[in-house]
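Undergrad: Sharing a structure, written as structure tokens. Questions coming.
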Amino acid sequence: MNTARSVTGRRFRRTFAVGGMSLALLAVLPGTASAHHQEFVPLPTTYSLGRDHSVPCSGQLTGHVFAPHDRPGTILIDLSWSTFFGGSCTITAFVNHWGSKRNGVRALELTSAPGEPGHAPSGQISIDIGSGDAGMTVTTDGLNTTYLDPARFTTRFTVP
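In case it helps, mature numbering (1 follows the signal peptide of the UniProt record, and there is no 0) puts the sequence shown at residues -35 to -1, 1 to 125.
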């Protein structure tokens, strides 16, 4: 009887030790990310003349695309306009987008603050573009670098 009890006790201790080490190993190993897409995608910087091809209102348009996990099929585009010479200058940014659900163009007016060169007021657009592969370009109402090489200024991404 003592032998049966000691064999059962050893099996229990061995099982407990192996299970404990396995759990400890799982606790310290890094987890594998389950996301299959990049949630934040920067847009290429677009340099542009101002409205009506104005040199004093020239500047740069920057931004990024969010494809949040908690809003499937939706993208959020943040754009910032900063002028090189200051002054109050307004441009219209055009977001040309395509995806599995919707294609189109959205416009966003951005105005720089007077007397603050480099000030970058921002605007945001939300588009229900559909899940899957998508892409976009950003242009302005003035002559800009996207016209020179559209492929270089095309941003591609995956929407959850």
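Where a beta carbon is used, it is the ideal one built from N, C-alpha and C, also for glycine.
(1) Please state whether DSSP places Leu108 in a helix, a strand or coil.
(2) Asn4 to Met101, Cα distance in whole Å?
(3) Looking at the strands, I want to know which residues DSSP matches up with Phe50.
(4) On the three-state DSSP scale, how would you describe residue 188?
(5) With DSSP as the reference, label Asp98 as helix, strand or coil.
(6) Determine the DSSP secondary structure at Leu(-7), reduced to helix, strand or coil.
TA: Put simply:
(1) coil
(2) Contrary to the premise, residue 4 reads as Glu rather than Asn in this sequence. Between the C-alpha atoms of Glu4 and Met101 there is a straight-line separation of about 15 Å.
(3) Phe50 pairs with nothing; no bridge assigned.
(4) Since the first residue of the chain shown is -35 and the last is 125, residue 188 is not available in this structure.
(5) Reduced to three states, the DSSP call for Asp98 is strand.
(6) Confidence is the limiting factor: at Leu(-7) the pLDDT is only 42, short of 50, which leaves the residue's position unreliable, though a coordinate-based value still follows. Coil at Leu(-7), not helix or strand.
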